[in-house]
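Participant: Using the working numbering, the first residue of the sequence shown is number 407, and each one after it goes up by one.
Right, I'll just put the structure down here and ask away after.
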Amino acid sequence: MKPFYSKEMLMDCLLCGADQKKIFARVESYGFPLVYYQCETCGLIFQSLEESRAADLEFYRKTYRRIYQASEEPTPKDLWVQEQRAQHLVDILNHHLESSPERVLDIGASAGVLLQYFQQSFGSEVVGVEPGDAYRAYAEEAGIKMMESMDDLLVSDHGKFDLVSMSHVLEHLTDPVGELKKIRSELLNEGGKLLLEVPNFYAHDSYELAHLACFTPHSLGEVLKQAGFKLVFLKKHGVPRSKLLNLYLTVIAKSSSKAEGIPPIKKDQFVGLKRNISMLYRRLIQKVFPHKAWLPIPVIDQV
Numbered sequence: 407m408k409p410f411y412s413k414e415m416l417m418d419c420l421l422c423g424a425d426q427k428k429i430f431a432r433v434e435s436y437g438f439p440l441v442y443y444q445c446e447t448c449g450l451i452f453q454s455l456e457e458s459r460a461a462d463l464e465f466y467r468k469t470y471r472r473i474y475q476a477s478e479e480p481t482p483k484d485l486w487v488q489e490q491r492a493q494h495l496v497d498i499l500n501h502h503l504e505s506s507p508e509r510v511l512d513i514g515a516s517a518g519v520l521l522q523y524f525q526q527s528f529g530s531e532v533v534g535v536e537p538g539d540a541y542r543a544y545a546e547e548a549g550i551k552m553m554e555s556m557d558d559l560l561v562s563d564h565g566k567f568d569l570v571s572m573s574h575v576l577e578h579l580t581d582p583v584g585e586l587k588k589i590r591s592e593l594l595n596e597g598g599k600l601l602l603e604v605p606n607f608y609a610h611d612s613y614e615l616a617h618l619a620c621f622t623p624h625s626l627g628e629v630l631k632q633a634g635f636k637l638v639f640l641k642k643h644g645v646p647r648s649k650l651l652n653l654y655l656t657v658i659a660k661s662s663s664k665a666e667g668i669p670p671i672k673k674d675q676f677v678g679l680k681r682n683i684s685m686l687y688r689r690l691i692q693k694v695f696p697h698k699a700w701l702p703i704p705v706i707d708q709v
């Protein structure tokens, strides 16, 4: 079911809902002009839902893969990247989970690679949500239980999960706070953990057609707090693309206690200045240490 938004809401901030914003950047991605705004209340950098093609759910089912990688099918390059990310995420969880999760849900599961790693490493029962037809079929061929959408999952006899993961998904969502609230209340077991990974606005290019929000460590933490989560762990890193650039943010979070309540949002300060400094640092590192700044992706023959 497609979410309902009034025309006014389509221009509002994806974190705090305020309508006071200013243009932060005009860019182009895959031939499409994009406008990113900065919320003047909380500081989040975001695209308006009214203007973005990626706010349409059909975009991910029919268009996303063709634009990003010229193929609706999983490519060797894409699968290699997923495998590297999956191993890194499993390594993080091995150091921060008290026990292996019995049931795991991966939202935006792509080809199901991360779920296969969860099966192999933890012996977990796994379920994935993936709107892309070809990617979902690929995962199902590997024996992974897959759903097309969160709506399909929520109307099914899904039960609850010990771990819910979203790797490079949150930045694509039209309502990140609302979706995380839904995960916390309807999908996570008591004591369950949330695993997220997103591009880091202070190192990653970030401006992409499908990226509705650009997260800093601060704004990611605020999204989690507004959704009723408490941050347990945060890591800045470049896996699998760089040894020197903190391109990504990986977090583990758990539900806040009811007694804590939802704190007021703290504004993200000096975002533009920090972005400029971080990208200047990136250009310097790329020039001085080119082979460590960007790691090669192995050439994999097409099958």
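Yeah, the Cβ is synthetic: ideal placement off N, Cα and C, and Gly gets one too.
Around the C-beta of N606, are 16 or more other C-beta atoms found within 10 angstroms, so that it is buried, or is it exposed?
Facilitator: With 16 or more Cβ atoms within 10 Å of its Cβ, N606 is classed as buried.
Participant: Using only the alpha-carbon positions, how far apart do S458 and I473 sit?
Facilitator: Using only the alpha carbons, I get a separation of about 15 Å.
Participant: Quick one: residues in its chain with C-beta nearer than 6 Å to the C-beta of P409, no 5 flanking neighbours on either side, listed in chain order?
Facilitator: The pLDDT assigned to P409 is 46, lower than 50, so where the model puts this residue is not dependable; a value taken from the coordinates is nonetheless given after this. Cβ neighbours of P409 beyond the five flanking positions: none.
Participant: Relative to the alpha-carbon of F639, which residue among P507, F567, K551, L626 has its alpha-carbon at the smallest distance?
Facilitator: Residue L626 is the option with its Cα nearest to F639.
Participant: Between the Cα of A548 and the Cα atoms of L569, C448, K631, Q525, which residue gives the shortest distance?
Facilitator: The option with the nearest alpha carbon to A548 is Q525.
Participant: Go ahead and label I658 buried or exposed: buried means 16 or more other beta carbons lie within 10 angstroms of its beta carbon, across all protein chains shown.
Facilitator: Buried: at least 16 other Cβ atoms inside 10 Å.
Participant: Tell me which residues share the same chain as D418 and place their Cβ nearer than 7 Å to its Cβ, disregarding the 5 neighbours each side in the sequence.
Facilitator: Excluding residues within five positions, the ones whose Cβ falls inside 7 Å are A424, D425.
Participant: To the nearest angstrom, report how far apart E536 and Y544 are at their CA atoms.
Facilitator: Each residue's Cα considered, the two are about 11 Å apart.
Participant: Let me check one thing: in DSSP terms, what residues is L637 bridge-paired to?
Facilitator: In DSSP, L637 forms a bridge with A659.
Participant: Can you name, in chain order, every residue of its own chain whose Cβ lies under 6 Å from the Cβ of K413, other than the five neighbours on each side?
Facilitator: Confidence in K413 is poor, its pLDDT being 43 and thus under 50, which makes the residue's placement unreliable; the coordinate value appears in the next sentence. No residues qualify anywhere along the chain.
Participant: Quick check on the burial criterion: 16 or more other C-beta atoms within 10 angstroms. Buried or exposed for F438?
Facilitator: The residue is exposed, with fewer than 16 neighbouring Cβ atoms inside 10 Å.
Participant: DSSP on Q426, reduced to helix/strand/coil?
Facilitator: If DSSP states are grouped into helix, strand and coil, Q426 belongs with coil.
Participant: What would DSSP say about E546, mapped onto helix, strand or coil?
Facilitator: Reduced to three states, the DSSP call for E546 is helix.
Participant: Please work out which residues of its chain come closer than 7 Å, Cβ to Cβ, to K698, disregarding the five sequence neighbours upstream and downstream, and give them in chain order.
Facilitator: If we look at K698 and ignore the five residues flanking it on each side, its Cβ neighbours are K649, L650.
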